[in-house]
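In order, the protein sequence lines correspond to chains A and B. Under my numbering, the letters of the first sequence match residues 853 to 984, in that order. Under my numbering, the letters of the second sequence match residues 853 to 984, in that order. Cβ atoms here follow ideal geometry from the backbone N, Cα and C, with glycine treated the same way. See structure below.
There are 2 protein chains.
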Amino acid sequence: MKAPAELTKNQALVLDALSHAEGPLSAYTILDRLRDDGFRAPLQVYRALEKLQELGLVHRLESINAFVACAHPHDHHQELIAFAICENCGKVDEFSDEMVEERLGRWAKAHDFRPSKTTIEIRGACRTCSSA
Amino acid sequence: MKAPAELTKNQALVLDALSHAEGPLSAYTILDRLRDDGFRAPLQVYRALEKLQELGLVHRLESINAFVACAHPHDHHQELIAFAICENCGKVDEFSDEMVEERLGRWAKAHDFRPSKTTIEIRGACRTCSSA
DNA sequence: ATAAGAATGTTATGATATTACATCAATTGC
DNA sequence: GCAATTGATGTAATATCATAACATTCTTAT
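Okay, structure coming up:
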């Protein structure tokens with residue numbers, strides 16, 4: 853795997869779409885937004901997303917089947933990332949908590965469970981939406 | 853809402869299918885297993901699942917689009933539940949961790965985020981599968 | 001008995017994701 | 001050079017997951 857310095861055209865387009873989006877996008881929404889750039893089929897989106905996720909530049913939000921550009925693309929050294937997703941406005945906050953990571957890691961070790969990917973997603977109402 | 857004492861026929865059938873399954877089942881797998889019991893359409897499954905989830909008898913695993921019978925159906929007082937899902941054999945472990953719950957709650961409070969539903973799912977290899 | 005609310009049955013459709021196969025481009029080993 | 005490999009792409013078809021819309025039946029409270 854080469855350094856992320858060189859994304860392919862499709863990968864760059866998908867990342868750009870996500871980066872400029874107001875919130876998480878579904879794969880098909882991305883497809884629609886890239887029609888004018890030559891995208892014709894879902895696979896073009898899914899393949900780009902796959903690579904971008906490997907590079908740590910994009911996250912998949914499992915609970916809503918959508919994707920976001922990573923908010924902290926600098927250090928993607930495997931740390932556990934949690935998401936707070938506003939069900940009203942779609943805004944997503946990305947955060948880490950060492951204690952949570954430690955507790956889940958402890959459980960895994962105690963049960964001889966070898967984690968490959970961990971999902972933490974909190975759905976609810978963000979500050980703005982819950983005060984309104 | 854009435855007490856879970858009386859499930860409807862469809863709800864009981866779906867719960868039974870999940871309870872006797874070796875692991876999580878997709879809605880369509882449940883449908884197939886209940887064909888002989890008169891199930892014909894996905895909605896029959898989804899509607900039963902919806903009620904069973906409200907009653908805390910069934911959980912949805914967001915990361916794999918599947919459903920499991922709750923392992924601790926006694927006390928469903930809103931506590932945060934985490935799942936460890938073996939990607940090899942499909943076995944699911946359900947557990948709680950007060951510290952994790954407290955830390956996520958603390959983050960939410962600090963950010964004025966009002967949580968409605970929280971998902972914690974660890975995918976990986978269970979003891980049996982990782983030792984083999 | 002009847003009105004209100006749930007649950008059900010059925011068809012159709014929407015939304016998300018992958019398989020399969022052909023092609024093209026860059027790199028590598030000889 | 002030039003096959004051989006590898007990775008990316010294009011395209012069509014299909015698989016998988018989930019809900020909308022509508023009619024009907026069952027339950028229960030009054």
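- Between residue 967 of chain B and residue 942 of chain A, the CB-CB gap reaches or exceeds 8 angstroms.
- As DSSP reads the structure, residue 920 of chain B sits in a beta bridge with B:911.
- Bounds of the beta strand (DSSP E) holding residue 969 of chain A are 966-977.
- In this structure, the beta-carbon distance from residue 910 of chain A to residue 883 of chain A does not fall below 8 angstroms.
- With a contact defined as Cβ atoms closer than 8 angstroms, residue 923 of chain A and residue 876 of chain A miss out at about 12 angstroms.
- Contact of residue 978 of chain A with chain B is assigned, a C-beta pair being separated by under 8 angstroms.
- By the CB criterion at 8 angstroms, residue 959 of chain A and residue 947 of chain B fall inside the cutoff.
- Less than 8 angstroms divides the Cβ of residue 949 of chain B from the Cβ of residue 955 of chain A.
- Out of A:981, A:920, A:915, A:872, the CA that lies nearest to the CA of residue 908 of chain A is found in A:920.
- The C-alpha of residue 904 of chain B lies about 11 angstroms from the C-alpha of residue 858 of chain B.
- For chain A, the residues of the segment 963-974 of chain B that bring a beta carbon within less than 9 angstroms of one of its beta carbons are 963, 964, 965, 966, 967, 968, 969, 970, 971, 972, 973, 974, in chain order.
- Using a CB distance cut-off of 8 angstroms, residue 955 of chain B counts as an interface residue toward chain A.
- A check of alpha carbon separations from residue 860 of chain B across B:888, B:872, B:892, B:897 identifies B:897 as the nearest.
- For residue 945 of chain B, there is no enclosing alpha helix (DSSP H); the residue is found in the beta strand (DSSP E) stretching over 944-947.
- Contact of residue 931 of chain A with chain B is not assigned, every C-beta pair being separated by 8 angstroms or more.
- The shortest CA-to-CA distance from residue 953 of chain B to any of B:900, B:933, B:937 is the one to B:933.
- When CB distances to chain A are screened at a threshold of 8 angstroms, the residues of the segment 898-918 of chain B falling below it are 914, 915, in chain order.
- Its chain contains 900, 903, 904 as the residues whose beta carbon lies nearer than 7 angstroms to that of residue 863 of chain A, once the 5 sequence neighbours on both sides are disregarded; these appear in chain order.
- Taking residue 982 of chain B as reference, the option from B:973, B:940, B:892 with the minimal CA-CA separation is B:940.
- Going by beta carbons, residue 971 of chain A and residue 973 of chain B fall inside the 8 angstroms limit.
- At a beta-carbon threshold of 9 angstroms, none of the residues of chain A lie near residue 878 of chain B; the nearest stands roughly 15 angstroms away.
- With respect to residue 945 of chain A, residue 872 of chain B sits apart: the two C-beta atoms are not nearer than 8 angstroms.
- Taking the C-beta atoms as reference points, residue 869 of chain B is found no nearer than 8 angstroms to residue 895 of chain B.
- For residue 873 of chain B, there is no enclosing beta strand (DSSP E), as DSSP gives it neither H nor E.
- Among the residues of chain A, those whose CB is under 8 angstroms from the CB of residue 939 of chain B are 968, following chain order.
- For a Cβ distance threshold of 8 angstroms, nothing in chain B lies close to residue 866 of chain A: the least Cβ distance comes to about 22 angstroms.
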